[in-house]
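Residue numbering for the sequence shown follows this note's numbering, starting at 131 and increasing by one per position.
Notes for the one structure printed next.
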Amino acid sequence: MDFSEPSEAVQITKALEDFIEQEVAPLEQEYEQFLGQDYEKHIVDENHRQVPAYREVVETIRKKSVEAGFYGMTMPEEVGGGDVDILTRAIVGEHMANRPPGFHSAIFGGAGGPTPILLACDEEQRETYLEPLMDGEITTCFALTEPGHGSDAHHMDTTAEKSESHSDSERSGTAAEKDGDEWVINGQKVYITNGPYADFAMVFARTSGEDGDLSGITCFLVEADNPGFEIGTIHRSMGMTPGQHAELHFDDCRVGEDQILGEVDQGFTAAMSWIGGGRINIAANSVGTAQYLLDMSVEYARNRETFDKPIGHRQGVSFQLADLATDIEQTRQLYRYAAWKMDNGDRARKEESMAKLRGAELANKAADIAMQVHGGAGYMKELPIERNYRSARVFRIFEGTDEIQKRTIARELI
Numbered sequence: 131m132d133f134s135e136p137s138e139a140v141q142i143t144k145a146l147e148d149f150i151e152q153e154v155a156p157l158e159q160e161y162e163q164f165l166g167q168d169y170e171k172h173i174v175d176e177n178h179r180q181v182p183a184y185r186e187v188v189e190t191i192r193k194k195s196v197e198a199g200f201y202g203m204t205m206p207e208e209v210g211g212g213d214v215d216i217l218t219r220a221i222v223g224e225h226m227a228n229r230p231p232g233f234h235s236a237i238f239g240g241a242g243g244p245t246p247i248l249l250a251c252d253e254e255q256r257e258t259y260l261e262p263l264m265d266g267e268i269t270t271c272f273a274l275t276e277p278g279h280g281s282d283a284h285h286m287d288t289t290a291e292k293s294e295s296h297s298d299s300e301r302s303g304t305a306a307e308k309d310g311d312e313w314v315i316n317g318q319k320v321y322i323t324n325g326p327y328a329d330f331a332m333v334f335a336r337t338s339g340e341d342g343d344l345s346g347i348t349c350f351l352v353e354a355d356n357p358g359f360e361i362g363t364i365h366r367s368m369g370m371t372p373g374q375h376a377e378l379h380f381d382d383c384r385v386g387e388d389q390i391l392g393e394v395d396q397g398f399t400a401a402m403s404w405i406g407g408g409r410i411n412i413a414a415n416s417v418g419t420a421q422y423l424l425d426m427s428v429e430y431a432r433n434r435e436t437f438d439k440p441i442g443h444r445q446g447v448s449f450q451l452a453d454l455a456t457d458i459e460q461t462r463q464l465y466r467y468a469a470w471k472m473d474n475g476d477r478a479r480k481e482e483s484m485a486k487l488r489g490a491e492l493a494n495k496a497a498d499i500a501m502q503v504h505g506g507a508g509y510m511k512e513l514p515i516e517r518n519y520r521s522a523r524v525f526r527i528f529e530g531t532d533e534i535q536k537r538t539i540a541r542e543l544i
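Right, here's the structure in full:
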């Protein structure tokens with residue numbers, strides 16, 4: 131059994147360090163207002179939309195990342211990707227998270243970048259959507275969650291009905307009536323990352339079956355300039371970069387057959403396979419963030435003195451750090467094992483849920499311990515701990531809540 135990091139992961143992380151130093155760090159210095167104590171005030175305008183200057187920074191890094199070969203590196207070579215496996219991508223993600231807040235998150239594109247679900251694109255769709263996405267010319271968003279449905283996403287209210295192409299056609303019958311050559315989408319999505327800025331959205335809608343069926347859901351590629359598609363409220367989230375998430379409204383939004391991604395009625399299965407890899411990345415990012423906070427806290431505990439002794443010599447502090455270091459190593463090995471199983475084609479539903487569950491708990495625990503060790507200093511905005519404390523909380527919610535992970539683990543066991 132080999133516990134060493136894959137050589138490719140080592141090479142990529144080294145190259146990323148050089149890239150960040152040469153291309154990203156200068157932008158962080160030039161636009162420090164987007165990273166400082168009042169970052170939220172500078173990033174968005176009065177409507178909570180990200181300001182043009184911030185969007186330009188993100189776009190600049192995205193294009194430089196494409197040129198350097200990092201953007202879309204998990205995608206297959208046939209579409210211009212680096213064909214990096216799940217384990218390597220996760221290790222690189224851990225490494226990238228082990229640093230203070232910065233612009234480096236734009237290097238891989240996040241929710242707006244290339245995703246394996248788009249490998250279902252046909253030849254024409256690849257030319258229209260996937261190729262420009264891989265080139266960093268456009269961005270996308272993953273529109274699944276609804277106001278009344280998060281964890282129970284297959285209980286979906288958004289529908290797509292087959293209808294005639296002309297606007298005054300009569301539409302009747304069930305959501306999957308096959309009597310025309312266009313699909314008409316009606317519904318609403320919420321908390322959609324990159325929703326306000328995406329050039330096209332991957333929209334999931336019920337096209338057949340009954341409420342709650344896993345089948346009968348189809349993914350549509352909806353362009354931002356579609357007259358039936360509108361950006362609603364831009365959400366104000368806790369801890370995360372502001373201006374990222376929005377409501378999406380679909381009011382008789384018409385799309386053609388050529389905008390169906392993959393097979394009709396099989397979209398939910400594709401969505402869940404994409405989310406599985408996302409859970410591994412959350413666990414890896416959590417480990418990287420926790421390691422950053424642990425290292426910061428160890429350094430502080432060595433130098434901060436009370437009653438003529440470094441606080442790191444006191445068991446009340448040192449034992450917390452020991453527990454955190456142990457949890458980090460456990461979660462690191464857990465996510466890497468899950469990723470290894472996935473790369474080898476083995477079923478890893480249980481392990482990926484375990485990794486995501488423990489990773490989410492770890493991120494919150496690390497932020498709490500770091501704040502406690504630093505005391506009042508950790509509570510202030512001069513240090514990044516309070517931002518990590520706020521941003522870590524969402525890890526227990528997105529890509530499947532703690533409760534969903536436990537349900538998945540239990541089902542795999544029983």
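The C-beta atom is built at its ideal place from N, Cα and C for all residues, glycine as well.
This structure is a prediction, so every number in the text was calculated from the model and none was measured.
Fill in: Delimiting residues of the beta strand (DSSP E) encompassing valine 314
312 to 323
Worksheet entry | glutamate 276 in three-state terms, based on DSSP | strand
Worksheet item: Hey, tyrosine 161 and glycine 266 are a contact pair by Cβ (cut 8 Å); roughly how many whole angstroms apart?
Response: About 19 Å; that fails the 8 Å criterion.
Worksheet entry | Residue ranges of each beta strand (DSSP E) within the stretch 229 to 280, 3 or longer | Within the stretch 229 to 280, the complete beta strand (DSSP E) segments of 3 residues or longer fall at 270 to 273, listed in chain order.
Discussion item. For isoleucine 315 and phenylalanine 398, which I take to be in contact (beta-carbon distance under 8 Å), what is that distance rounded to the nearest angstrom?
Written reply: Going by Cβ atoms, the distance from isoleucine 315 to phenylalanine 398 rounds to 16 Å, so no, they are not a contact pair.
Worksheet item: Touch check for the stretch 245 to 263 and the stretch 188 to 197: three-plus C-beta pairs under 8 Å?
Response: Fewer than three pairs of CB atoms, one per stretch, sit closer than 8 Å, so the stretch 245 to 263 makes no contact with the stretch 188 to 197.
Fill in: Residue closest to aspartate 215, alpha-carbon to alpha-carbon, out of Pro136, Glu257, Gly442 and Gly505
Answer by Cα proximity: Pro136.
Worksheet entry | Separation of alanine 400 from glycine 408, as counted between CA atoms | Rounded to whole angstroms, the separation of the alpha carbons of alanine 400 and glycine 408 is 13 Å.
Fill in: Nearest neighbour of aspartate 453, chosen from Gln421, Asp175 and Glu170 [CA to CA]
Gln421
Worksheet item: How about cysteine 383 and glycine 362: are their beta carbons less than 8 Å apart?
Response: no
Worksheet entry | Range of the contiguous alpha helix (DSSP H) that encloses phenylalanine 380 | Taken as a continuous stretch (DSSP letters only), phenylalanine 380 belongs to no alpha helix (DSSP H), being part of the beta strand (DSSP E) at 375 to 386.
Item to complete: Run the CB neighbour count on alanine 227, radius 10 Å, all protein chains shown included, and call it buried at 16 or more, exposed below.
Response: buried
Item to complete: Just grab the DSSP bridge partners of glutamate 360 for me.
Response: His379
Worksheet entry | Status (buried if at least 16 other CB within 10 Å, exposed otherwise) for phenylalanine 449 | exposed
Practice prompt. Tell me whether serine 521 sits in a helix, a strand or coil according to DSSP, three-state version.
Written response: DSSP places serine 521 in the helix class (H, G or I) of the three-state scheme.
Worksheet item: Taking all protein chains shown into account, do 16 or more other C-beta atoms lie within 10 angstroms of the C-beta of arginine 301, making it buried, or fewer, making it exposed?
Response: The predicted model places arginine 301 with a pLDDT of 41, which falls under 50 and marks its position as unreliable, so this point remains unresolved.
Discussion item. DSSP three-state label for isoleucine 534, please.
Written reply: helix
Discussion item. Using C-beta distances below 7 Å, list every residue in its chain close to lysine 308, excluding the 5 sequence neighbours before and after it, in chain order.
Written reply: Only weak support exists for where lysine 308 lies, its pLDDT of 39 falling under 50; the value from the coordinates is given anyway. Cβ within range, chain order: Lys292.
Item to complete: Take every Cβ of the stretch 204 to 218, pair it with every Cβ of the stretch 133 to 149, and state whether three or more of those distances are shorter than 8 Å.
Response: yes
Worksheet entry | Under the three-state DSSP convention, the category arginine 526 falls into | helix
Worksheet item: Where glycine 280 and proline 156 are concerned, what is the direct C-alpha to C-alpha distance, given to the nearest angstrom?
Response: Using only the alpha carbons, I get a separation of about 39 Å.
Discussion item. Using only the alpha-carbon positions, how far apart do arginine 434 and leucine 513 sit?
Written reply: Each residue's Cα considered, the two are about 15 Å apart.
Worksheet item: The beta strand (DSSP E) spanning phenylalanine 334 covers which residue range?
Response: 330 to 336
Worksheet entry | Inter-residue Cα distance where the pair is alanine 496 and glycine 442 | Their backbone Cα atoms lie some 16 Å apart in a straight line.
Practice prompt. Tell me whether leucine 487 sits in a helix, a strand or coil according to DSSP, three-state version.
Written response: helix
Practice prompt. Give the secondary structure of glutamine 445 by DSSP, where H, G and I count as helix, E and B as strand, and everything else as coil.
Written response: helix
Worksheet item: How would you label arginine 366, buried or exposed, when you count the other beta carbons within 10 angstroms and need 16 or more for buried?
Response: exposed
Discussion item. For threonine 456 and valine 447, what's the separation of their Cα atoms in angstroms?
Written reply: 15 Å
Item to complete: Kindly give me the distance between the Cβ atoms of threonine 461 and leucine 423, rounded to whole angstroms, as I take these residues to be in contact under 8 Å.
Response: That belief does not hold up - the Cβ atoms of threonine 461 and leucine 423 are roughly 13 Å apart, past 8 Å.
Worksheet item: What three-state label does DSSP hand alanine 290 in the structure shown?
Response: Reduced to three states, the DSSP call for alanine 290 is strand.
Worksheet item: What's the C-alpha gap between glutamate 545 and asparagine 415?
Response: The structure shown has nothing for residue 545, since the chain only spans 131 to 544.
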